[in-house]
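**Q** I am attaching a structure below and will ask some questions about it afterwards.
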Amino acid sequence: MAPQNDKNDRNDTILYGSLGLMILKTLEALGSLHGYRIARRIEQISGHQLELNQGTLYPALIKLEQSGWIAAKWGESDSGRRVKVYALTRAGRKQLSEQTAQWQRATSIVDRFLKISEDPA
Amino acid sequence: MRRLRVFGRRLIASLQADRMAGELRDEIASHLAEATEEYVSGGLSPEAARLAALRRFGGVIRTAELHRDARSFAWVDDLRQDVRHTVRSLANSPGFTLVAAVTLALGIGANTAIFTLLDAVVFKPLPVPNAHELITFFENGPEGPADPLGGGGRFLRFSYHRFERLARALGPRGSMAAVTRSSRLIARLPGDTQRRFVQAQFVSGGYFSTLGVEAARGRIVTSEDTRLDRRSSVAVIGDGFWRRSFGGSDAAIGQTIVINEVALTVVGIAPPGFVGMWTDAEADVWLPLTLQQPLHYANNSNLRSD
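Residue numbers (our numbering), protein chains in the order written: chain G, 96 to 216; chain P, 166 to 471.
Set out below in structure tokens:
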């Protein structure tokens with residue numbers, strides 16, 4: 096259950112930078128969610144390959160909120176607990192499509208590099 | 166635009182540090198409770214579930230720190246806490262606070278006093294038109310260079326005859342004027358039962374015309390007032406003195422004021438803002454230089470020798 100620390104270290108740098116994008120995408124797909132649900136959802140979608148400390152989610156959430164891409168308000172969880180519920184805003188939707196395009200461009204470039212270096216020619 | 170909004174929100178968050186921290190604490194507590202519940206339903210004991218939830222979360226205090234750095238300007242919050250801490254500790258030791266406050270007050274007061282003097286002597290422009298065209302005459306004495314600020318004034322002194330000779334030598338190329346430092350003289354105004362002090366300056370006949378200063382009311386001191394063959398017992402008073410002592414009334418012109426037991430007629434009022442050439446010692450009245458002897462002005466009473 097507990098994450099392997101060395102695995103975490105390897106993943107963190109790239110993945111932490113894309114955490115905001117993952118949160119935005121998760122909220123687009125599922126609508127309003129509270130922090131724990133977002134964390135679990137990201138773990139599920141990554142097929143449990145990505146096991147960030149769940150706490151790292153909260154600094155990322157406040158940054159997105161201050162940028163105006165997500166909105167937060169206090170609500171109730173399924174079990175009736177008082178939780179902060181996050182939802183994508185219109186600006187957030189726009190940001191998501193921009194960041195998605197950027198990310199895809201970046202990965203395709205890196206991809207091409209990796210293929211060249213594999214090429215014996 | 167977005168940067169501006171983020172800046173504004175971070176600033177607000179910095180000022181509401183306690184509220185923001187409290188909200189985060191509540192949010193983390195809910196998170197841990199939800200996680201614990203899920204572990205319990207997965208078959209763990211409540212204690213083990215709680216520990217597993219904490220482990221999975223990965224450091225509550227560290228998260229709170231990262232959250233604070235992300236949402237606010239840490240220095241604003243730090244400053245706020247420092248100020249609060251400082252105020253509290255000052256309140257706990259009033260003796261120290263008093264000594265510190267008095268020390269600061271004296272230090273600031275001394276600085277202010279020095280700056281006020283410097284401002285008057287060095288920085289403040291003279292209250293006359295074309296002040297840059299004015300030149301101060303002084304002599305290097307045998308004991309060293311003259312003091313151009315007129316502090317001691319020793320080498321700024323000229324006899325009246327010497328002054329007249331210099332003025333003649335200058336001829337039509339310019340005009341020359343002389344003025345004494347301010348002196349506190351004893352005065353009695355119309356209706357006064359008690360005597361008062363006035364700041365008086367003795368001026369040569371060309372003083373006001375050389376500076377380009379005209380009377381706001383009445384007339385200024387002219388060269389007719391400083392002829393050696395007759396005494397002209399007149400006084401020009403300053404705007405401030407006029408307002409304070411004559412209520413700003415036109416009736417001041419022609420009134421008799423007694424200075425050092427000599428009756429003088431008020432002939433004019435200087436324009437507002439003109440306080441004389443010694444900006445650190447504003448004048449109440451200007452008197453003809455030739456009245457020095459009758460008024461027993463001791464500083465420079467020798468009108469005859471060179």
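We put the CB at the ideal spot given by N, CA and C, even for glycine.
Please work out which residues of its chain come closer than 6 Å, Cβ to Cβ, to residue 241 of chain P, disregarding the five sequence neighbours upstream and downstream, and give them in chain order.
**A** For the purposes of this step, residue 241 of chain P is taken as residue 76 along the second sequence, with counting starting at 1. Excluding positions up to five away in sequence, the list reads 179.
**Q** So does the stretch 191-199 of chain G actually touch the stretch 203-211 of chain P, counting three or more Cβ pairs closer than 8 Å?
**A** These segments do not touch.
**Q** How long is the line joining the alpha carbons of residue 397 of chain P and residue 411 of chain P, rounded to whole angstroms?
**A** Counted from its first residue, the second sequence places residue 397 of chain P at position 232. Counted from its first residue, the second sequence places residue 411 of chain P at position 246. Using only the alpha carbons, I get a separation of about 22 Å.
**Q** Which residues in chain P have a C-beta closer than 7 Å to the C-beta of residue 189 of chain G? List them in chain order.
**A** As a first step, residue 189 of chain G must be located in the first sequence, where it is residue number 94. Result: empty, since nearest Cβ-Cβ is about 11 Å, beyond 7 Å.
**Q** Are residue 177 of chain G and residue 169 of chain G touching if we call contact CB-CB under 8 Å?
**A** Numbered from its first residue, the first sequence carries residue 177 of chain G at position 82. Numbered from its first residue, the first sequence carries residue 169 of chain G at position 74. Yes, these two residues count as a Cβ contact at 8 Å.
**Q** Hey, residue 119 of chain G and residue 128 of chain G: beta-carbon distance below 8 Å or not?
**A** The residue you call residue 119 of chain G lines up with position 24 of the first sequence. The residue you call residue 128 of chain G lines up with position 33 of the first sequence. No. Outside cutoff.
**Q** What separation, rounded to the nearest whole angstrom, lies between the Cα atoms of residue 404 of chain P and residue 334 of chain P?
**A** Start at 1 with the first residue of the second sequence, and residue 404 of chain P comes out as number 239. Start at 1 with the first residue of the second sequence, and residue 334 of chain P comes out as number 169. Spanning the two alpha carbons is a distance of roughly 34 Å.
**Q** Taking the alpha carbon of residue 426 of chain P as the point to measure from, which residue in P:445, P:399 and P:459 has its own alpha carbon closest?
**A** Here residue 426 of chain P refers to the residue found at position 261 of the second sequence. The candidate whose alpha carbon is nearest that of residue 426 of chain P is P:459.
**Q** Pick from P:431, P:445 and P:462: whose alpha carbon is nearest that of residue 281 of chain P?
**A** In the second sequence, counting from the first residue as 1, residue 281 of chain P sits at position 116. With distances taken between Cα atoms, residue 281 of chain P lies closest to P:445.
**Q** Name the residue from P:423, P:430 and P:424 whose alpha carbon lies nearest to the alpha carbon of residue 472 of chain P.
**A** With chain P running from 166 to 471 in the structure shown, residue 472 of chain P is simply not present.
**Q** Return the chain-ordered list of same chain residues with a C-beta closer than 6 Å to the C-beta of residue 423 of chain P, the five sequence neighbours on each side being excluded.
**A** For the purposes of this step, residue 423 of chain P is taken as the residue at position 258 of the second sequence. Only 353 meet the Cβ criterion.
**Q** Going by the DSSP bridge assignment, what does residue 165 of chain G pair with across the sheet?
**A** On the first sequence, position 70 is the one that residue 165 of chain G refers to. Answer is G:183.
**Q** With which residues is residue 298 of chain P paired in a DSSP beta bridge?
**A** For the purposes of this step, residue 298 of chain P is identified with residue 133 of the second sequence, where counting begins at 1. Answer is none; residue 298 of chain P lacks a bridge partner.
**Q** What span of residues does the alpha helix (DSSP H) with residue 364 of chain P cover, start to end?
**A** Taking the first residue of the second sequence as 1, we reach residue 364 of chain P at position 199. Run containing residue 364 of chain P: none in the alpha helix (DSSP H); it sits in the beta strand (DSSP E), 361-368.
**Q** How would you list, in chain order, the residues of chain P whose beta-carbon sits under 9 Å from the beta-carbon of residue 126 of chain G?
**A** Along the first sequence, one-based indexing puts residue 126 of chain G at 31. Simply none; closest approach about 18 Å.
**Q** Would you check if the distance between the CB atom of residue 115 of chain G and the CB atom of residue 158 of chain G is smaller than 8 Å?
**A** The residue labelled residue 115 of chain G in the question sits at position 20 within the first sequence. The residue labelled residue 158 of chain G in the question sits at position 63 within the first sequence. Yes, Cβ-Cβ distance for residue 115 of chain G and residue 158 of chain G is below 8 Å.
**Q** At the 8 Å Cβ level, is residue 130 of chain G part of the contact set with chain P, yes or no?
**A** On the first sequence, residue 130 of chain G is found 35 positions in, with the first residue counted as 1. Yes, contact with chain P.
**Q** At what residues does the alpha helix (DSSP H) containing residue 133 of chain G begin and finish?
**A** Numbered from its first residue, the first sequence carries residue 133 of chain G at position 38. Run containing residue 133 of chain G: 130-140, per the alpha helix (DSSP H) assignment.
**Q** Any C-beta of chain G sitting closer than 8 Å to the C-beta of residue 213 of chain P?
**A** In the second sequence, the residue the question calls residue 213 of chain P occupies position 48. Not an interface residue.
**Q** Go to residue 432 of chain P, then tell me how far its beta strand (DSSP E) extends in each direction, as first and last residue.
**A** The residue labelled residue 432 of chain P in the question sits at position 267 within the second sequence. 427-434 is the extent of the beta strand (DSSP E) around residue 432 of chain P.
**Q** Measure the CB-CB distance between residue 447 of chain P and residue 438 of chain P and report whether it falls below 8 Å.
**A** Here residue 447 of chain P corresponds to residue number 282 of the second sequence, with the count starting at 1. Here residue 438 of chain P corresponds to residue number 273 of the second sequence, with the count starting at 1. For residue 447 of chain P and residue 438 of chain P, no; Cβs fall outside 8 Å.
**Q** Cβ closer than 7 Å: which chain G residues qualify as neighbours of residue 228 of chain P?
**A** By one-based count along the second sequence, residue 228 of chain P stands at place 63. In chain order: 150 and 153.
**Q** If I measure Cβ to Cβ from residue 175 of chain P and keep anything under 7 Å in the same chain, skipping five residues before and after, which residues do I get?
**A** Walking along the second sequence from the start, residue 175 of chain P turns up at place 10. Excluding sequence neighbours, residue 175 of chain P sits near 236, 237 and 238.
**Q** On the DSSP letters alone, give me the boundaries of the alpha helix (DSSP H) that residue 211 of chain P sits inside.
**A** Locating residue 211 of chain P in the second sequence gives position 46, where the first residue counts as 1. Segment 211-222, the alpha helix (DSSP H) holding residue 211 of chain P.
**Q** Residues of chain G with CB under 9 Å from residue 195 of chain P, in chain order?
**A** Locating residue 195 of chain P in the second sequence gives position 30, counting from the first residue. Neighbours of residue 195 of chain P on chain G, chain order: 129, 130, 131, 172, 176, 177, 178 and 179.
**Q** Between the stretch 328-345 of chain P and the stretch 366-382 of chain P, are three or more C-beta pairs nearer than 8 Å?
**A** Verdict: yes, contact present.
**Q** Less than 7 Å between C-beta atoms, sequence neighbours within five positions excluded: which residues of the same chain meet that for residue 225 of chain P?
**A** Translated into the one-based positions of the second sequence, residue 225 of chain P becomes position 60. For residue 225 of chain P, where only same-chain residues beyond five positions count, the Cβ hits under 7 Å are 193.
**Q** Please identify, using Cβ separations under 7 Å, the residues of the stretch 153-168 of chain G that lie next to chain P, in order along the chain.
**A** Of all residues in the stretch 153-168 of chain G, 153, 154, 157, 158, 161, 162 and 163 have a Cβ within less than 7 Å of some Cβ in chain P.
**Q** Have a look at residue 223 of chain P and residue 148 of chain G and give me their C-alpha separation to the nearest angstrom.
**A** If you number the second sequence from 1, residue 223 of chain P lands on position 58. If you number the first sequence from 1, residue 148 of chain G lands on position 53. Taking the straight line joining both Cα atoms gives about 5 Å.
**Q** Would you verify that the beta carbon of residue 183 of chain P is, or is not, closer than 8 Å to some beta carbon of chain G?
**A** What you label residue 183 of chain P is simply residue 18 of the second sequence in a count that begins at 1. So no, residue 183 of chain P is outside the interface.
**Q** Is the distance from the Cβ of residue 184 of chain G to the Cβ of residue 164 of chain G below 8 Å?
**A** For the purposes of this step, residue 184 of chain G is identified with residue 89 of the first sequence, where counting begins at 1. For the purposes of this step, residue 164 of chain G is identified with residue 69 of the first sequence, where counting begins at 1. Yes, these two residues count as a Cβ contact at 8 Å.
**Q** Once you ignore the five residues that flank residue 166 of chain G on each side, which residues in its own chain have a CB closer than 6 Å to its CB?
**A** On the first sequence, residue 166 of chain G is found 71 positions in, with the first residue counted as 1. Once the five neighbours on either side are set aside, the close Cβ partners of residue 166 of chain G are 182 and 184.
**Q** Taking DSSP as the reference, what is the three-state secondary structure of residue 421 of chain P?
**A** Residue numbering aside, residue 421 of chain P sits at position 256 when the second sequence is read from its first letter. It is a strand residue.
**Q** Are the C-beta of residue 222 of chain P and some C-beta of chain G separated by less than 8 Å?
**A** Indexing the second sequence from 1 puts residue 222 of chain P at position 57. So yes, residue 222 of chain P belongs to the interface.
**Q** Among the candidates G:125, G:130 and G:160, whose CA atom is the shortest distance from the CA of residue 171 of chain G?
**A** The residue given as residue 171 of chain G occupies position 76 in the first sequence. Looking at the Cα atoms, G:130 is the closest of the given residues.
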